[in-house]
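Following: one structure in structure tokens, then a few remarks.
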Amino acid sequence: MQLVTAVVKPFALDDVRAALAALGVESTTVAEVSGFGRQRGHTEVYRGADYRLDFVPKVRVDVVVEDAMAETVVEAVVRAARSGRIGDGKVWVSRLDRAHGPDTAGPQDGAGGGRA
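Taking my numbering, I'd label the letters of the sequence shown as residues 33 to 148.
Encoded structure:
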């Protein structure tokens, strides 16, 4: 099993979700996160004053898939999240030896259809 993690701009979430659904991924875990990369935050104006936001809001998407499907999922997420501008996000893959589901009797050696 592989854990595919993507950190993308919030407006890209619907496109990423649709791309994963098209591949048959049945479940994902999504969390609102913040951070920065090369863009190093940005400045916003609030009530006439400039405020520096060092951490940019992002969305983290985690998907557990079988080994053979990991690269296909990465490609789909990258295509869906790419705007061509700096700060589109990152996607990485981690080896997952086993997962435990609270609703099952024991460890799951397979991804369980993408269950997270």
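Every residue gets a Cβ at the ideal spot worked out from N, C-alpha and C, and that includes glycine.
6 Å CB neighbourhood of residue i in its chain, flanking five on each side removed
{"i": "V39", "result": "K90, R92, G121 and K122"}
{"i": "A63", "result": "R92"}
{"i": "R84", "result": "T75"}
{"i": "A112", "result": "D47, V48 and A51"}
Same chain, Cβ closer than 7 Å to residue i, neighbours up to 5 away in sequence not counted
{"i": "V110", "result": "V123"}
{"i": "L128", "result": "M33, Q34, L35 and V96"}
Chain C contact for residue i (CB, 9 Å cutoff)
{"i": "A50", "result": "Among the chains in the structure shown there is no chain C, since it carries only a single protein chain."}
Residues that DSSP places opposite residue i in a beta bridge
{"i": "R92", "result": "V39 and A63"}
{"i": "R84", "result": "T75"}
{"i": "G116", "result": "Answer by DSSP bridge pairing: none, since G116 is not bridged."}
{"i": "V123", "result": "A38"}
As assigned by DSSP and simplified to three states, the class of residue i
{"i": "V97", "result": "strand"}
{"i": "V57", "result": "coil"}
{"i": "R70", "result": "coil"}
Environment of residue i [buried if 16+ CB atoms lie within 10 Å]
{"i": "L52", "result": "buried"}
{"i": "V57", "result": "buried"}
{"i": "A54", "result": "exposed"}
{"i": "A81", "result": "exposed"}
{"i": "T60", "result": "buried"}
{"i": "V100", "result": "According to the sequence shown, residue 100 is Ala rather than Val. Its Cβ having fewer than 16 others within 10 Å, A100 is exposed."}
Contact set for residue i: own chain, Cβ-Cβ below 8 Å, skip 5 residues either direction
{"i": "A102", "result": "Q34, V36 and V125"}
{"i": "G67", "result": "V39, F87, V88 and K90"}
{"i": "R114", "result": "D120"}
{"i": "T104", "result": "L55"}
Check whether the region 41–56 touches the region 99–114, counting contact only when three or more Cβ pairs, one atom from each stretch, lie closer than 8 Å. Under the 8 Å Cβ criterion, the region 41–56 counts as touching the region 99–114, having at least three qualifying pairs.
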